[in-house]
Amino acid sequence: MIHVRGLSKVYHRGDPPAIDSIDMDIHNSEIVGFVGLNGAGKTTAIRSIIGVILPTSGTVSIDGSDIVKEKAAASMNVGWVPETPVYNHDASALTLLKYFAGFFGISPEIAERRAMELLERLSLSKQADRRVMNYSQGMKKRFAIAAAMIHEPNNYLFDETLNGIDAEGVELFRTIIRDLRKDGKAVLLSSHILSEIEDSADRVIIIDHGKIIDSISIENLRNKATTRVEFTVSNIDGSITAALRKYGEVEIKGSTIFVRGRDIQASAINEDLVKLGYKVNAIRSETLENYFLNLVRDQK
Amino acid sequence: MKAFFYEFLKRITEKKVIILTIVSTALLIALVYSSYSYSAPPSEPHSGYDFTGALFNDSGSYYFDSYVFNDGSGSPVSNIAVSLTLVNEINQSSVKFSHCTNSDGFSNVSINNVSDPTNCCIIANMNANNANDASSIKPGGIHIPATAAIPYGQSAIRICEFSLQSKLAPSCILAVSFNATGHPSGNLMVYYNYSCDTAGVIPIEKSDILGGEFTNFSVIKFSPKISQQYYYTNIIFIVNGKQIFPTPDYLALFSPAGDLEKAYESVYYEVAFIMGILGLSLAYISYNKDRMSGSYQELIVRPSTRAGLMTSRFFSVSFLLILVSSMEGLATYLLGIIIFSFYTPLTFILYIMFSSFVLSDAIAAISFLFGTRIRSPAGIVALPILLFFLLLIIVPAIVPEILSLFGLYGGVGGSETYNLIILLVSFFNPTSSFSIIGSSLYRPIMKVSSLYVPDVVIWISVMYCVLWIIVPYIGNYFLSKNSD
């Protein structure tokens with residue numbers, strides 16, 4: 043379990059805080075999405091929680107150990123996948139994983155077995171003897187997942203992990219974090235796209251300008267969030283509003299019709315419009331992102 | 040603590056680090072070897088035949104026993120005629136006698152009719168029996184007054200140097216024992232002893248056996264162990280419990296300690312340069328590179344602290360630098376034996392080891408500081424190198440120039456103020472460990488000051504050099520604790 047209270051970080055004196063009095067809890071058997079626009083403070087918060095940067099104020103407790111005062115004990119129970127993994131160590135993937143494992147007192151034999159299992163799972167076993175510094179960015183990301191899991195910690199922090207990995211990797215990653223939840227681990231998963239984590243997260247924490255602006259369960263989020271579908275129709279007329287009102291709020295701007303409602307399906311509206319003889323040129327649908335963006339806009 | 044030792048071991052067993060350590064050690068040994076070889080060019084192994092001898096008096100009958108040897112190897116030379124001329128210095132009359140050396144290099148010439156021993160002397164010379172030997176025979180002979188003849192029944196030991204391989208030290212001593220022919224006096228137990236007393240007053244406190252028993256006409260070759268750091272080492276010989284030929288026949292051996300120091304000084308800048316670069320390189324490979332590239336963050340998330348990680352890496356660098364400095368010291372000691380037949384004083388070896396280590400580790404400690412505080416790759420690489428060159432080359436070159444502007448000069452007859460300023464500047468320069476320790480041990484720079492107290496100055500110098508390591512390390516310890 044990760045327990046964060048009043049976490050703030052000011053990089054340079056006089057600058058506004060990158061994160062400001064953040065409070066959050068990530069419970070065991072829970073996947074928490076950590077969402078914010080670029081520069082919102084997600085990475086700073088995660089790096090402060092993991093101990094890579096020192097917080098200006100506030101506390102981070104990992105399974106009861108303070109990340110600053112009891113650094114070694116706290117680090118025993120947390121794994122981290124950075125947004126941009128850097129591995130300039132002149133060593134193969136297998137050697138590097140064994141090296142990392144050594145910090146946790148894992149014997150070389152067990153470390154090698156675990157490392158090979160993880161590399162196999164992350165489709166890197168054929169590259170086990172290749173130097174990590176020569177890996178592609180996507181492969182480095184997969185390796186970083188293995189490095190975070192080598193000591194089997196209870197808590198995980200994934201920073202924009204889905205960025206830069208292929209579709210197969212995304213699917214694999216989602217399976218991994220669901221398995222982690224099943225095993226009772228606490229997982230924080232950051233992203234700047236809410237829909238990216240919608241399928242996996244149990245709860246979402248939204249951050250903007252270094253402050254937590256909402257913490258909401260996915261279920262509540264789905265209830266609160268309206269879907270907005272946008273159609274571009276060439277032969278628009280006055281009766282179209284009445285035809286679409288059953289789906290929700292309708293707004294017409296030139297040749298564009300906006301339909302805003304809960305649980306509406308763009309395909310169903312499109313079907314109706316075609317049946318009524320309208321020529322639909324383009325469809326654009328926005329769902330959870332709307333909620334997220336509106337929330338952020340409201341803050342401004 | 041577990042993470043500390045784990046990291047420490049990982050660092051010192053890293054392939055790059057091992058290669059760097061081996062290459063640096065090899066370079067240092069090559070440097071010391073070249074400086075020693077330059078100081079002690081090998082001489083020709085053989086330049087000619089030499090001889091030694093003893094004149095005996097058996098109740099008016101005189102014998103001259105001689106030994107002819109190859110002065111490149113000490114081996115006996117046979118079939119060389121040893122000719123004697125008995126000269127009466129009053130009436131200038133002379134009588135000649137001659138005898139060839141046997142296969143053992145010995146000859147025995149009987150000299151009859153010495154009617155006036157007080158005014159007679161013997162002049163011995165070598166003569167070749169063939170053209171090949173003629174070119175090898177060294178000119179000069181032995182001149183002995185008849186009154187200096189050794190009484191019959193006593194033994195004589197003559198000590199010669201041969202195989203002068205080095206201009207700094209004789210490599211071998213030849214001890215030749217004579218007895219008057221046909222009158223053996225029993226075996227002789229011969230010991231030798233060293234003394235540093237140039238006045239020739241030699242206390243016999245400890246003796247080493249020379250290597251066996253002498254019998255009639257015996258030769259023993261040995262390499263003296265010169266282990267004192269004085270310019271002269273005397274060797275005396277004790278035969279059957281009695282010191283023989285106290286003066287002037289003791290052998291004054293030239294100790295190369297001072298010359299070793301000069302030889303080492305000739306490569307001081309190169310050694311300092313290599314050790315400094317080694318310190319910078321190890322600091323970069325072990326710490327700064329990871330700080331610069333971002334790999335450090337992958338380590339700091341492991342169960343170790345910032346200060347702990349920095350400390351384990353700094354200690355591993357220090358350990359390797361101690362190893363390299365020790366190898367350098369050991370090589371210097373062994374090269375002293377191999378090239379000079381000289382057992383380099385421990386103080387000198389410790390001076391080399393300590394100065395090399397302190398210089399490189401101080402540079403590494405400062406470099407670690409840059410690694411902790413500076414983020415830019417250019418700064419983290421270039422600044423420590425620039426600082427090192429500034430301290431090693433620019434500062435020592437500029438300070439005397441500045442002092443000369445104020446009319447202060449060093450060297451022979453230089454001012455005390457100049458020496459003291461140079462010394463003070465050295466104390467503020469971590470690359471000055473050689474000059475600080477060397478000055479307090481060997482050079483008179485500090486002795487010009489009335490404040491000079493040898494032991495105090497040496498220990499202050501040592502502690503001051505160590506501070507150049509400790510202060511940056513402690514500073515870095517606290518900085519790294521509070522740096523991202």
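Quick note, the sequences are listed as chains A and B, same order.
Take the first sequence: its letters are residues 43 to 342, numbered as in the numbering used here.
Take the second sequence: its letters are residues 40 to 523, numbered as in the numbering used here.
Even glycine gets a Cβ: it sits at the ideal position worked out from N, Cα and C.
These figures come from a predicted structure and were not determined experimentally.
Contact with chain A by residue i, beta-carbon distance below 9 Å
i: I339(B); result: yes
i: N521(B); result: yes
i: I248(B); result: Per-residue confidence for I248(B) stands at a pLDDT of 46, beneath the threshold of 50, marking its modelled position as unreliable; no derived number is given.
i: Q268(B); result: Note that Q268(B) has pLDDT 41, beneath the 50 cutoff, so the model's placement of it is unreliable and the number below is only indicative. No, Q268(B) does not count as interfacial toward chain A.
i: S320(B); result: no
i: A417(B); result: no
i: S325(B); result: no
i: G333(B); result: yes
i: K301(B); result: no
i: I329(B); result: For the record, residue 329(B) in the displayed sequence is Asp; it is not Ile. It does: the Cβ of D329(B) has a partner Cβ on chain A nearer than 9 Å.
i: Y45(B); result: yes
i: L518(B); result: no
i: A311(B); result: no
i: A404(B); result: no
i: A65(B); result: no
i: A38(B); result: Here chain B covers residues 40 to 523 and nothing more, so residue 38(B) does not appear.
CB contact below 9 Å: residue i versus chain B
i: A27(A); result: Because chain A is modelled from 43 through 342, residue 27(A) falls outside the range shown and cannot be assessed.
i: M343(A); result: The structure shown does not extend to residue 343(A), since chain A is modelled only from 43 through 342, so no value can be given for it.
i: K183(A); result: no
i: N323(A); result: no
i: F146(A); result: yes
i: I92(A); result: yes
i: D108(A); result: no
i: I104(A); result: no
i: L96(A); result: yes
i: E194(A); result: no
i: K113(A); result: yes
i: V189(A); result: For the record, residue 189(A) in the displayed sequence is Ala; it is not Val. Yes, because at least one Cβ of chain B sits closer than 9 Å to the Cβ of A189(A).
i: Y289(A); result: no
i: P58(A); result: no
i: R55(A); result: no
Buried versus exposed call for residue i [16 or more other C-beta atoms within 10 Å across all chains shown]
i: R326(A); result: exposed
i: F517(B); result: exposed
i: R339(A); result: exposed
i: A436(B); result: exposed
i: T286(B); result: Residue placement at T286(B) is poorly supported in this model, since its pLDDT is 37, which falls under 50; the coordinates are not used for a value here.
i: W507(B); result: buried
i: H54(A); result: exposed
i: Q169(A); result: buried
i: M502(B); result: exposed
i: I377(B); result: exposed
i: I152(A); result: exposed
i: F445(B); result: exposed
i: V62(B); result: exposed
i: Y448(B); result: exposed
i: G180(A); result: exposed
i: F44(B); result: exposed
i: I58(B); result: exposed
The ligand FMN heavy atom lying under 8 Å from the CB of residue i
i: F145(B); result: In the structure shown, the ligand FMN is absent, as is every other ligand, since no ligand is present at all.
- Message: Quick test of the definition: if touching needs 3 or more C-beta pairs under 8 Å, does the region 314–332 of chain B touch the region 417–425 of chain B?
- Response: A contact exists between the region 314–332 of chain B and the region 417–425 of chain B.
- Cβ pair count under 8 Å reaching 3, the region 73–84 of chain A against the region 216–234 of chain A: Yes, they touch.
- Query: Where in the region 272–330 of chain A do unbroken runs of the alpha helix (DSSP H), each at least 4 residues long, occur, reported from the N-terminal end onward?
  - Reply: Those alpha helix (DSSP H) runs which fall completely within the region 272–330 of chain A and span 4+ residues are 282–286, 308–317.
- Residues from the region 338–372 of chain B in contact with chain A, defined by Cβ distance under 7 Å: Result list: I339, V340, R341, P342, S343, T344.
- Is there contact between the region 84–104 of chain B and the region 145–158 of chain B, where contact requires at least three CB pairs shorter than 8 Å? Yes, they touch.
- Message: As an exercise, report each continuous beta strand (DSSP E) stretch of at least 3 residues that is fully enclosed by the region 229–258 of chain A, in chain order.
- Response: Whole beta strand (DSSP E) segments, 3+ residues: 245–250.
- Message: What are the residues in the region 131–161 of chain A lying within 8 Å of chain B by C-beta distance?
- Response: Residues H131, D132, Y141, F142, G144, F145, F146, G147.
- Between the region 473–482 of chain B and the region 364–373 of chain B, do at least 3 Cβ pairs fall closer than 8 Å? No, the region 473–482 of chain B is not in contact with the region 364–373 of chain B.
- Task: Write down every uninterrupted run of the beta strand (DSSP E) in the region 62–150 of chain A whose length is 3 residues or greater and which is fully enclosed by it, in chain order.
- Result: Runs of the beta strand (DSSP E) inside the region 62–150 of chain A: 72–77, 99–104, 120–123.
- Item | Inside the region 289–362 of chain B only - beta strand (DSSP E) runs reaching at least 3 residues | Taking only runs of at least 3 residues, the beta strand (DSSP E) segments lying wholly in the region 289–362 of chain B are 290–293.
- Task: Counting only runs of 4+ residues fully inside the region 86–150 of chain B, write out the alpha helix (DSSP H) ranges in chain order.
- Result: As summarised for the region 86–150 of chain B, there are no continuous alpha helix (DSSP H) elements at least 4 residues long confined to that stretch.
- Item | Three CB pairs or more closer than 8 Å across the region 263–274 of chain A and the region 101–113 of chain A | Judged by Cβ distances under 8 Å, the region 263–274 of chain A makes no contact with the region 101–113 of chain A, as fewer than three pairs qualify.
- Say whether the region 155–165 of chain B touches the region 183–192 of chain B, bearing in mind that this needs 3 or more beta-carbon pairs closer than 8 Å, one atom from each stretch. Counting Cβ pairs under 8 Å, three or more are found: they touch.
- Complete runs of the beta strand (DSSP E) confined to the region 170–195 of chain B [at least 3 residues]: As far as the region 170–195 of chain B is concerned, its whole beta strand (DSSP E) runs of at least 3 residues are 181–184.
- Item | Any 3 or more C-beta pairs closer than 8 Å across the region 301–318 of chain B and the region 334–343 of chain B | Look at the beta carbons and you see the region 301–318 of chain B not touching the region 334–343 of chain B: under three pairs across the two are nearer than 8 Å.
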